[in-house]
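Residue numbers (this note's numbering): 66 to 180.
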């Protein structure tokens with residue numbers, strides 16, 4: 066995961082030369098911000114993953130149960146970089162109708178890692 070975070074830092078620096086580092090607080094704001102997303106639905110990342118990331122959740126579109134997102138209670142979360150990339154891309158598109166920037170992805174990852 067550290068190599069992916071370093072990759073995101075390089076991308077963020079290329080996007081904005083003033084970039085310093087990712088920020089978990091910004092990540093929390095991104096994670097909790099509601100937006101008119103997929104199917105014209107008002108949602109945030111918390112819509113599917115809950116406010117408490119240490120508990121199971123339910124995907125609002127598929128009704129499938131999602132295991133806790135917090136690595137502190139689910140150590141397999143955030144362990145597979147390929148999966149992390151796939152889900153960040155998909156979930157940003159569902160919630161914000163666009164792919165997240167490198168800074169946004171890094172901020173969200175910093176927030177999630179602390180959970």
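Heads up, the beta-carbon is just placed ideally off N, CA and C, and yes, glycines get one too.
Exercise. Would you give the residue range spanned by the alpha helix (DSSP H) that residue 92 belongs to?
Key: Residue 92 sits at position 27 when you count from the first residue of the chain shown. Counting along the chain, the alpha helix (DSSP H) containing residue 92 begins and ends at 89 to 97.
Quiz item: Taking DSSP as the reference, what is the three-state secondary structure of residue 135?
Solution: Residue numbering aside, residue 135 sits at position 70 when the chain shown is read from its first letter. Three-state result, residue 135: coil.
Self-check item: Same chain, Cβ closer than 7 Å to residue 154, five either side skipped, listed in chain order
Solution: In the chain shown, the residue the question calls residue 154 occupies position 89. Taking residue 154 as the centre and dropping the five residues before and after it, the same chain places the C-beta of 164 closer than 7 Å to its C-beta, in chain order.
Practice problem: Assuming residue 102 and residue 160 form a contact by the criterion Cβ under 8 Å, report the distance between their Cβ atoms to the nearest whole angstrom. | Solution: The residue labelled residue 102 in the question sits at position 37 within the chain shown. The residue labelled residue 160 in the question sits at position 95 within the chain shown. The beta-carbon separation of residue 102 and residue 160, rounded to 5 Å, stays under the 8 Å limit for a contact.
Practice problem: Tell me, please, whether the stretch 89 to 107 touches the stretch 139 to 155 by the rule of three or more beta-carbon pairs shorter than 8 Å. | Solution: no
Exercise. Drop a sphere of 10 angstroms on the beta-carbon of residue 87, count the other beta-carbons inside from all chains shown, and report buried for 16 or more, exposed for fewer.
Key: Translated into the one-based positions of the chain shown, residue 87 becomes position 22. That one is buried.
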